[in-house]
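In order, the protein sequences belong to chains W and H. In terms of the working numbering, the first sequence opens at residue 98 and continues consecutively. In terms of the working numbering, the second sequence opens at residue 4 and continues consecutively. Below is one structure; the comments refer to it alone.
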Amino acid sequence: MIEQNLILVLVMLPFLGAVITATLPVNAHNAAAWISGLVLAAGLALMAVFHAPVAEGRILRGVVQWVPALQLNLSFRMDGFSWLFVTLVLAIGVLVVIYARYYLLKTDPVPRFYSFLMAFTGAMLGMLLSGNILLLVVFWELTSVVSFLLIGYWYQGQAARDGARMALIVTAIGGLCLMVAMLILGQIVGSNDLDRVLGSGDLIRAHPLYPLVLALFLIGAFTKSAQFPFHFWLPGAMAAPTPVSAFLHSATMVKAGVFLLIRFSPALGGTEAWFYAVTGTGMATLILGAVIALFRHDLKGLLAYSTISHLGLITALAGIGSKGAILAAIFHIVNHAVFKASLFMAAGIIDHETGTRDMRRLSGLMRLIPLTGTLAIVAAAAMAGVPMLNGFISKEMFFAEAVDWHNGTWLDNSLPYLATFASIFAVAYSLRFIATVFFGPPPVDLPKEPHEPTPWLRRPVEALVLICLVVGMMPGTTLGPVLNQAARAVLGPDTPHFDIAVWHGFNLPLQMSLVALLMGALLYLVFARQIAAGPEGPPLLHRIRAQRIYERLLLALSWRLPRLLHQRIGTEKLQPQLRILVLLALTFAAAVLWRQLAYATEPLANPLSPAFALMWLVGAACALGAAWQAKYHRFAALVLLGGAGLMTCLTFAWFSAPDLAVTQLLVEIVTTVLLLLGLRWLPKRREEIAEDQMLSARLRRLRDFVIAAAAGLGIALVSYAVMTRPLIPNIGDWFLRNAYKEGGGTNVVNVILVDFRAFDTFGEITVLAVVGLTVYALLRRFRPATESTNQPEQQRGEAAAALQDYLTVPGVILRWMFPAMIVVSAYFFMRGHDLPGGGFSAGVTLAIAFLVQYLGSNVRWVEARLTVLPIRWMGFGLLIAGATGLGAGLFGYPFLTAHARYVDLPLIGQVPAATAMLFDLGVYALVVGATVLMLIAIAHQSLRSARLRDQDTPEAESKEAA
Amino acid sequence: MEIVLSAAIGILAASGTWLLLRPRTFQVIVGLCLLSYAVNLFIFSMGRLYVGAPPIMPKGGFVDPTIYADPVPQALVLTAIVISFATTALFLVVMIASRGFTGTDHVDGREGGQ
């Protein structure tokens, strides 16, 4: 149990560190480094606790339920393999933090660096420890995203931005492929649990989707581990600060891909396709990386391609997949992380001290920085595979696998030669690094005079080089046990124990190593001058660069293609877009209903009432008239629209929906007034637009008429089909039966709104509030068109004087009506739960009471006497509704439960409908507020434009006078 | 009755759709109103047509759901009416603001075209 919690603590620790360091002041170098270092050290301490149970071969687990329905839980597991990997990440992490503390400039913003670094460590640990394949993908993507931020840390530089973006695009595309692969894997196995997936290798390999899963999975792993042809992002990522490079490209980011390959080799590996794809890609990358590295002049570029090459080596081993190969792969992961981190740090020191990373300018540094030089030379020798250093042993094991393991294919037969060939180049580039940088004549014309750096900048390198030496001389006693643990965790408990030794006799692998050392040295000595004088990259090959292909592709896909498509098929016009929408809807409806639309054999039929038919004769005429007149006779169209609305309202009343009828009628009034207010701001249109008479316009209208007729006919047919079909028993019956018993009201519609489905209503009134505020915000910056700012004709001259008092009588009547309307509103509200009415209609009624005061009198006169604060009405409405909902929580019920009867309190039992009424009160207040806000905001525009007019006139006059 | 109501829904929907495809903002706003009538009636009619059977229950006792109108479509339409009022208001404000900014009431914000 304790272990379970400790694993969760381990994963959460770095994220906690990220949050803390993110809140530090910008220049708190020491504090940030201490916090980060301590967090990682605490993680290491936890790993020490885990060592004993893991060494027994146990798998430790920690699970937090997340989305059980999707089998997506926060489940973590730790076995020997992930233990080794996590320890490696944390240990290198501590050293990187120490290094970064002295490497970063005083002016670099600290919180960003350390919090990203911590977040990245957390993502990496999460990925390594995930016990669920979907969770693994989540953390995998997180490493891509955070590495983007880390690589782009110095975002002022173009190179950093480009490198970060390239890394993100390549690894994130891989991550998407991986996600699809994991989803299919989960379907094949029937579980997302990592253990079950790893245990179902035979099932997966026999499945018809295996090739697809394998391809997607490998794209994910290869992009992350910078395998050919996705390798180009890694050199680009060298624009990152050196501590980031040392962390990302030694122990963490790029190792995630090979981790995945090794982890999933029992489930996906062992087939010919796996061998060809993984070992083939690995060997290609190994050779390509080694060759290009020799020809790079940039120090970090050389190290970047060398990293690619070593990752290829590990990948090739994972592809071979034999027990010795897996052990060698794990071993080389550790070794490469150790010597490559130290080399990156050394390169950083050289850059820091001399101001350049160009090997053609560096020379003879051994005299100036002897300590750093010695460390770098040892690390580079380990990289080259010189005996008595750690790189040598794992490389020997690789050679041994290349020679000993056979499956009889051509690739297998050529493995020893390819391996030796790549090693020759590895020796040559390591030698070039040592010889050009540290030996030769003293450097001339360096940007800075080099000195030994502060000791603490060197300490991490010293520690790492010490590990290189110790492991190189005593591999069996130092790393032997944990490596065997890790291999057993991957391959199963019956894996035999491997003895890792320095000396295996004068066997074939040793001869291969010697050949590589000799030939490599020879290669460098012969071609040293040509390489230095040559271009940045191997001869001939440097012209073909994957990065350039990627850039071309990116440009074409993200810039040219979208613009081309937009030009060809895009439009900025609204009408074609709407037309496409309507046509699509029609097509889909037709496709779904084609030959499916059946009419009931015994259709329901209410006896036809002539009055109803007559009513809709008028209604249809109104609708068609509104459609016909809306362009040139807006006012007429508005009146006709009101007619159609009235018929709708009457239909509701006719067919037993009194609530709807009341609400529709009230909303109809408000909508009409609203549109009337809007008419004032539209341009005059008395003369017909000439274009409307042209043939093309007529054709367009005909086409639209056909579309509209088809839409209308379709919806009429569908609604007739449904209306005449007998009603099947549905949820409505439950509402009818239980409205009074459970909701304490007899008006079922209202009970549904404020009780059964109150949460929906809560959402809807929130929408109403948002719309009200949006209207208010939009109109605050409103500037009317110039031709609309003048007073309308009817308010000018003699006509205005004659019409001065034209609404006096109605105004007085409406003023008297005001209290009566408030009473009506209250009446609607109070009876809402039992009879037609309720918060919505009562709210609109009160809004209308305010509105008619504005209509009947002068706006200024009204506002001098009546203060409405619509935003407060809305706010309090939302608060009341929300508080009612939360109140249910006090009694242990879910949000918005209004079942007061189920509470065993006698007092509350006596007022069962109380909470629902309170909720309705919130609805009421909000509807009043929102409606009044919209109407007043629009009505006020005429006041504002009058003010603007008053301001403008004197200015204009004074200008004219001047 | 059913045939009249479905014809009415069809005509409202057709008028609304036609206006939706017109070039002037006011036409579109009227079209949306007509369309919302059609849609509200359509949803409402999914509960079938009952004359004189509003879903108002007696206080207690046995309830026979078959003799009352279906309350669910009514509840849905009630909120739809209020929300469609809100969207009409929003669209109206966008319409007059766009007219203020661009000087035209064409849906594309500039004259010409369709």
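Here a beta-carbon is modelled for each residue, glycine too, at the ideal position from N, C-alpha and C.
Asked: Beta-carbon separation (whole angstroms), H/ILE14 vs W/ALA717, contact threshold 8 Å; Found: 4 Å
Asked: Contact with chain W by H/ARG51, beta-carbon distance below 7 Å; Found: yes
Asked: Simplified DSSP state of H/ILE59, which is helix, strand or coil; Found: strand
Asked: Span separating the alpha-carbon of W/ILE1062 from that of W/GLY1019; Found: Because residue 1062 of chain W is not part of the residues shown, which for chain W are 98 to 1059, the question remains open.
Asked: Within-7 Å CB hit, H/LEU15 to chain W; Found: yes
Asked: Proximity test, Cβ basis, 7 Å: H/ILE46 and chain W; Found: no
Asked: Residue range of the alpha helix (DSSP H) that includes W/TRP180; Found: 177–200
Asked: DSSP state of W/VAL164 mapped onto helix, strand, coil; Found: strand
Asked: Option nearest W/ILE628 by Cα separation, candidates W/VAL949, W/VAL558, W/ALA723 and W/PHE522; Found: W/PHE522
Asked: Distance, W/ARG649 Cα to W/LEU662 Cα; Found: 18 Å
Asked: CB contact below 7 Å: W/PHE856 versus chain H; Found: no
Asked: Alpha-carbon to alpha-carbon, W/HIS1037 and W/ARG1044; Found: 11 Å
Asked: Neighbourhood of W/PRO1003 by C-beta distance below 8 Å, restricted to the same chain and skipping five residues each side; Found: With a pLDDT of 47 at W/PRO1003, under the threshold of 50, the modelled position of this residue cannot be trusted; read the value that follows with caution. Closer than 8 Å at Cβ, skipping near neighbours: no residue.
Asked: Delimiting residues of the alpha helix (DSSP H) encompassing W/GLY418; Found: Per DSSP, W/GLY418 belongs to no alpha helix (DSSP H) and is neither H nor E.
Asked: W/ALA434 and W/ALA426 closer than 7 Å at C-beta; Found: no
Asked: Candidates W/ALA401, W/PRO823 and W/ALA381: closest to W/ALA390 by CA position; Found: W/ALA401
Asked: The stretch 825–838 of chain W: positions lying closer than 9 Å to chain H by Cβ; Found: PRO826, ASN827, ILE828, GLY829, ASP830, TRP831, PHE832, LEU833, ARG834, ASN835, ALA836, TYR837 and LYS838
Asked: Residue range of the alpha helix (DSSP H) that includes W/ASP299; Found: 298–303
Asked: 6 Å Cβ shell around W/THR760 - same chain, five flanking residues per side excluded; Found: PHE937 and SER938
Asked: W/ALA237 burial status per 10 Å Cβ neighbour count (16 or more: buried); Found: Per the sequence shown, the amino acid found at residue 237 of chain W is Trp instead of Ala. Result: buried.
Asked: Interface residues of the stretch 920–951 of chain W facing chain A [CB-CB below 7 Å]; Found: Protein chains W and H are contained in the structure displayed, whereas chain A is not.
Asked: 8 Å Cβ cut-off: residues of chain W touching H/LEU35; Found: Those within 8 Å of H/LEU35 in chain W number zero; the least Cβ separation is about 11 Å.
Asked: Where W/ASP455 sits in the DSSP three-state scheme; Found: strand
Asked: Helix, strand or coil at W/ASP931 [DSSP, three-state]; Found: coil
Asked: Exposed unless 16 or more other CB atoms sit within 10 angstroms - verdict on W/GLU1052; Found: The predicted position of W/GLU1052 is uncertain, since its pLDDT is 48 and thus under 50; no value can be drawn from it.
Asked: Minimum Cβ-Cβ distance from W/GLN761 to chain H less than 7 Å; Found: yes
Asked: Sufficient close CB pairs (3 or more, under 8 Å) joining the stretch 561–574 of chain W to the stretch 150–169 of chain W; Found: no
Asked: Straight-line Cα distance separating W/GLY982 from W/VAL1000; Found: Note that W/VAL1000 scores 40 on pLDDT, short of 50, meaning its location in the model is unreliable and no value can be drawn from it.
Asked: Three or more C-beta pairs below 8 Å linking the stretch 469–487 of chain W and the stretch 499–508 of chain W; Found: no
Asked: Proximity test, Cβ basis, 7 Å: W/TYR402 and chain H; Found: no
Asked: Cβ contact check for the stretch 149–159 of chain W and the stretch 252–266 of chain W: 3 or more pairs under 8 Å; Found: no
Asked: 4-residue-minimum alpha helix (DSSP H) runs that sit fully inside the stretch 737–790 of chain W, ordered along the chain; Found: 755–776
Asked: For W/ALA1059, the three-state DSSP class (helix, strand or coil); Found: Residue confidence is low: W/ALA1059 scores 42 on pLDDT, short of 50, so the model does not pin down where it sits. Its coordinate-derived value is still stated next. Of the three classes helix, strand and coil, the one that applies to W/ALA1059 here is coil, per DSSP.
Asked: Straight-line Cα distance separating W/LEU313 from W/PRO71; Found: Because chain W here runs from 98 to 1059, residue 71 of chain W falls outside it and cannot be looked at.
Asked: Boundaries (first-last residue) of the alpha helix (DSSP H) holding W/ALA473; Found: 467–481
Asked: Chain-order list of residues whose beta-carbon lies under 6 Å from that of H/LEU44 (same chain, five-residue window excluded); Found: ILE12
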